[in-house]
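Participant:
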Amino acid sequence: MLVESFSGIRGIYSKELTDEVVARYGTAYFEFLIRKAGKDPLIVVGTDTRPSALTVKKILLSCFSKVIDVGYMPTPAIENAVREYHADGGVIITASHNEPEFNGFKFLDKDGAVLRVLDSKALINEYHELCCSEKEVCWVEDKHDDCILLYSNFIRSIVGEIKLDLDVVIDPNGGTGYVAEDILKGFGVKVISVNSEAGKFAHKVEPNQESLAYLKAVIKENDADLAAGFDCDADRVELVDKEGNVISGQYLLALLVDDVLSSLDNKDVTVVTNDATSGVVKEVVSKYGAKLKEVEVGEINVVDEMLKLNSPIGGEGSSSGGIYPPSRCRDGILTLISVLNIMQEKGKSLNELVSGLPKYHTLREKVSIDPKDHDKIKKKIEAYYSKKGYRIQKTGDITGGLKAYADDKSWVWFRASKTEAGQFRVIADSYSLEKARELLEEGKVIFRNC
19 MLVESFSGIR GIYSKELTDE VVARYGTAYF EFLIRKAGKD PLIVVGTDTR
69 PSALTVKKIL LSCFSKVIDV GYMPTPAIEN AVREYHADGG VIITASHNEP
119 EFNGFKFLDK DGAVLRVLDS KALINEYHEL CCSEKEVCWV EDKHDDCILL
169 YSNFIRSIVG EIKLDLDVVI DPNGGTGYVA EDILKGFGVK VISVNSEAGK
219 FAHKVEPNQE SLAYLKAVIK ENDADLAAGF DCDADRVELV DKEGNVISGQ
269 YLLALLVDDV LSSLDNKDVT VVTNDATSGV VKEVVSKYGA KLKEVEVGEI
319 NVVDEMLKLN SPIGGEGSSS GGIYPPSRCR DGILTLISVL NIMQEKGKSL
369 NELVSGLPKY HTLREKVSID PKDHDKIKKK IEAYYSKKGY RIQKTGDITG
419 GLKAYADDKS WVWFRASKTE AGQFRVIADS YSLEKARELL EEGKVIFRNC
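The numbers in the sequence shown follow our numbering, run straight up by one, and end at 468.
Dropping the structure here:
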């Protein structure tokens, strides 16, 4: 099943994401930008490293007329390129953390952000209404190396001219995170790179406890300070501390938020996160007297609320990444460098930094559903927890998040995935591991009985 949502388009290449689908989406986006820009649009195109990337790009280029091609490139760098080149939009050819047989698109606005919800709906509607027609490309300009330089400068504009005397293992796993090596070296980091050949995937694309377990031995062998594993388009990063623990993205976001808020003279600010972000972030925000605003899962939802509230930092703890203005997305490489800078400034290991944060336990599982049963299931879940007296918090429409609070520090959350067809995500979060387990198991039972 082809997944179509404001988070992007994804499917198995040649099965759901056929060449015809690629061409029709390319044409739909081109026509969409013509109407929006009122001119022949300049479009930045970049890809991750999965096997179908170059074929999909070739088809897309036949739909556009003016293109800046940045080649294999992390998502944050492509979004930055849209802003730097004053383009009218951009396309990131990626399926992010999905396995290599998948591919897809993230369609960008002129500020580098993924298209807003209404624009995404308009584009999807246009795709379903049109027939494909090829266009002759006027010119395609290769800006791969320049794009990396611009991205490196963008990172420096946020973290400053710092020198990091640390040893780091990076595992791009054949993805676009390979560009991190030279960027890190530019900050003085000693880099040990593994699985860095573009397009050669050594393990599962999604970086997690299982796929990164082997890095414990690599850290020990090289006496490194930590290791970092990226997904294919490098907007996500998972960090492994010196003891071999894979650190939750919830704690990474909490560290970033703590660092930013501690540096502000005026702490009357609002931090924006998605509604699947752990209570550890909420406690950090409260410590500084700042405010927290939760929005529906989805990077663009966080970004738009940050812009509205002039937020100094935001992110999605459930997806491992912080968002620093003026960026419009999670950024794995920037997150890594920011954490390294915190470690060096405080003279502490990653494990020591995490140990200093409030203790929370976040557990998650995926449950398969028939998409046509979605609305019925959500309504039954809400009715069940309302009857128990749990406080209910909802974001977005019926497809958005539903969070049921057992108490102020314990909740269970439900939402259908908008990037993986037929998958429902259940997350439990609590100061108590036993309580988190109880909430997760109860949530799964209720789900199965719906």
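In this text, a Cβ means the ideal position worked out from N, Cα and C, and glycines have one as well.
1) Looking at ALA105: is its Cβ nearer than 8 Å to the Cβ of LEU168?
2) What's the gap between the Cα of LEU279 and the Cα of ILE464?
3) Cα separation between VAL258 and GLN227?
4) Would ILE188 and GLY178 be called neighbours here (beta carbons separated by less than 8 Å)?
5) Measuring CB atoms only, is the region 269-283 touching the region 236-248, in the sense that at least three cross pairs come out at less than 8 Å?
6) Specify, as a first and last residue, the run of the beta strand (DSSP E) that VAL207 falls within.
7) Given a threshold of 16 other Cβ atoms within 10 Å of its Cβ, counted over all protein chains shown, does GLU363 qualify as buried or as exposed?
8) Kindly indicate which three-state DSSP category SER356 falls into: helix, strand or coil?
9) Pick out whichever of THR413, LYS453 and ASP87 has its Cα sitting closest to the Cα of ALA434.
10) What first and last residue would you give for the beta strand (DSSP E) that runs through THR295?
11) Closer than 8 Å by C-beta to GLY440: which residues in its own chain qualify, once you throw out the five before and the five after it? Chain order, please.
12) Using the Cα positions of ALA198 and VAL255, report the straight-line distance between them to the nearest angstrom.
13) Hey, quick one: how far does the beta strand (DSSP E) through HIS379 stretch, first residue to last?
14) Within a Cβ cutoff of 7 Å, which residues of the same chain sit near SER337, ignoring the five residues on either side of it in sequence?
15) Please go through the region 40-128 and give each complete alpha helix (DSSP H) segment of 4 or more residues, from N-terminal end onward.
16) Just curious, the beta strand (DSSP E) that ARG409 is in, first and last residue?
17) Considering Cα atoms alone, identify which of THR67, ALA401, ASP58 and PRO92 is closest to PHE82.
18) Residues in its own chain within less than 7 Å of VAL290 by CB, not counting five upstream and five downstream?
19) Given a cut-off of 8 Å, decide if PHE205 and ILE180 are closer than it, judged by their beta-carbon atoms.
20) What's the gap between the Cα of VAL287 and the Cα of TYR342?
21) Report the partner residues of ASP137 according to the DSSP bridge assignment.
22) With DSSP run on the structure shown, which of helix, strand or coil describes PHE248?
23) Cα separation between SER296 and LEU148?
24) Of the residues ARG68, GLY107 and PRO92, which one's Cα is nearest the Cα of LEU51?
25) What first and last residue would you give for the beta strand (DSSP E) that runs through TYR471?
26) Please state whether the Cβ-Cβ distance between LYS260 and ASN369 is less than 8 Å.
27) Out of LEU182, ASP37 and ALA308, state which residue places its alpha-carbon closest to the alpha-carbon of VAL357.
28) Report the residue from VAL63, VAL62 and PHE48 whose alpha carbon sits nearest the alpha carbon of GLY56.
Facilitator: So, from the listed chains and residues:
1) no
2) 39 Å
3) 9 Å
4) no
5) no
6) That residue, VAL207, is in no beta strand (DSSP E); it is neither H nor E in DSSP.
7) exposed
8) helix
9) THR413
10) Neither: THR295 is in no beta strand (DSSP E) and is coded neither H nor E.
11) MET19, SER386, ILE387, ASP388 and PRO389
12) 11 Å
13) 379-386
14) ARG254, GLY267 and ARG348
15) 71-79 and 93-102
16) 409-412
17) ASP58
18) LYS311, VAL313, VAL320, GLU323, MET324, LEU327, SER329 and GLY332
19) yes
20) 14 Å
21) Answer by DSSP bridge pairing: none, since ASP137 is not bridged.
22) strand
23) 43 Å
24) GLY107
25) No information on residue 471 is available, as it lies outside the stretch 19 to 468 that the chain covers here.
26) yes
27) LEU182
28) PHE48
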